[in-house]
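Single-structure report; data block below.
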Amino acid sequence: MTLERKNYPHMPKPFGAFMHAVRTGEWLFISGLTAGENAPPDIVEQTEITMDRMKKVLEAEGGSLKDVIRVTVYVTELDKLMEIHEVRNRYFGDALPASTLVQVTALVRPELKFEMEAIARLGQ
108 MTLERKNYPH MPKPFGAFMH AVRTGEWLFI SGLTAGENAP PDIVEQTEIT
158 MDRMKKVLEA EGGSLKDVIR VTVYVTELDK LMEIHEVRNR YFGDALPAST
208 LVQVTALVRP ELKFEMEAIA RLGQ
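Start counting the sequence shown at 108; every next residue gets the next number (our numbering).
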């Protein structure tokens, strides 16, 4: 199968050596997304922005959040964990993916507190 390496116009160009996503057939591998530059300081707001970005990536590929099979989430703080879960529940609804959540000391920029990567199977 052909690999399609993708960047999306609704998101800032990646500043590192990666693409926003890689697609092969019906499989979409989405790189870690964050709230980006000028992220608000609140981790819950960052979660909202990140989830919206992920939703738009999937829509650009003809899919939706219901197509997400697995996510890995990185957070720098756990004090608002239940609020983060509420945001995720609202976006994923009844189609919750398999998930791993890891607390880390920092993300790529010091103001970032939430990052999520995903694997989706499109066209189901």
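No residue lacks a Cβ here, since even glycine has one placed at the ideal position from N, Cα and C. For clarity, every value in this text was computed on a predicted model and none was experimentally measured.
Apply the 10 Å Cβ neighbour rule to residue i and answer buried if 16 or more other Cβ atoms are within range, or exposed otherwise.
i: MET161; result: buried
i: MET108; result: exposed
i: THR131; result: exposed
i: ALA225; result: buried
i: GLY170; result: buried
Are residue i and residue j closer than 9 Å when you measure CB to CB?
i: LEU219; j: ALA167; result: no
i: TYR181; j: MET126; result: no
i: LYS173; j: GLY139; result: no
i: LEU110; j: ALA227; result: no
i: ASN196; j: LEU188; result: no
If distances are taken between C-alpha atoms only, which option among the options comes closest to residue i?
i: ILE176; options: ASP186, LEU165 and VAL215; result: LEU165
i: ALA213; options: MET189, LYS120 and GLU184; result: GLU184
i: ARG216; options: PHE136, TYR115 and GLY123; result: GLY123
i: GLU152; options: ALA202, ARG228 and GLU193; result: GLU193
i: ASP186; options: VAL178, PHE221 and SER171; result: PHE221
i: PRO116; options: LYS163, LEU229 and GLY230; result: LYS163
i: VAL178; options: ARG112, LYS113 and ILE137; result: ILE137
i: TYR198; options: GLN231, ASP159, PRO121 and GLY169; result: ASP159
Could you check how far apart the C-beta atoms of residue i and residue j are, in whole angstroms? I think they sit under 8 Å.
i: THR154; j: ILE191; result: 5 Å
Quick check: is any heavy atom of the ligand ADP less than 8 Å from the C-beta of residue i?
i: ARG216; result: The ligand ADP is not among the ligands present in this structure, which contains no ligands whatsoever.
Is it the case that the stretch 204-213 contacts the stretch 138-157, given that we only count it when at least three CB pairs across the two stretches are under 8 Å? no
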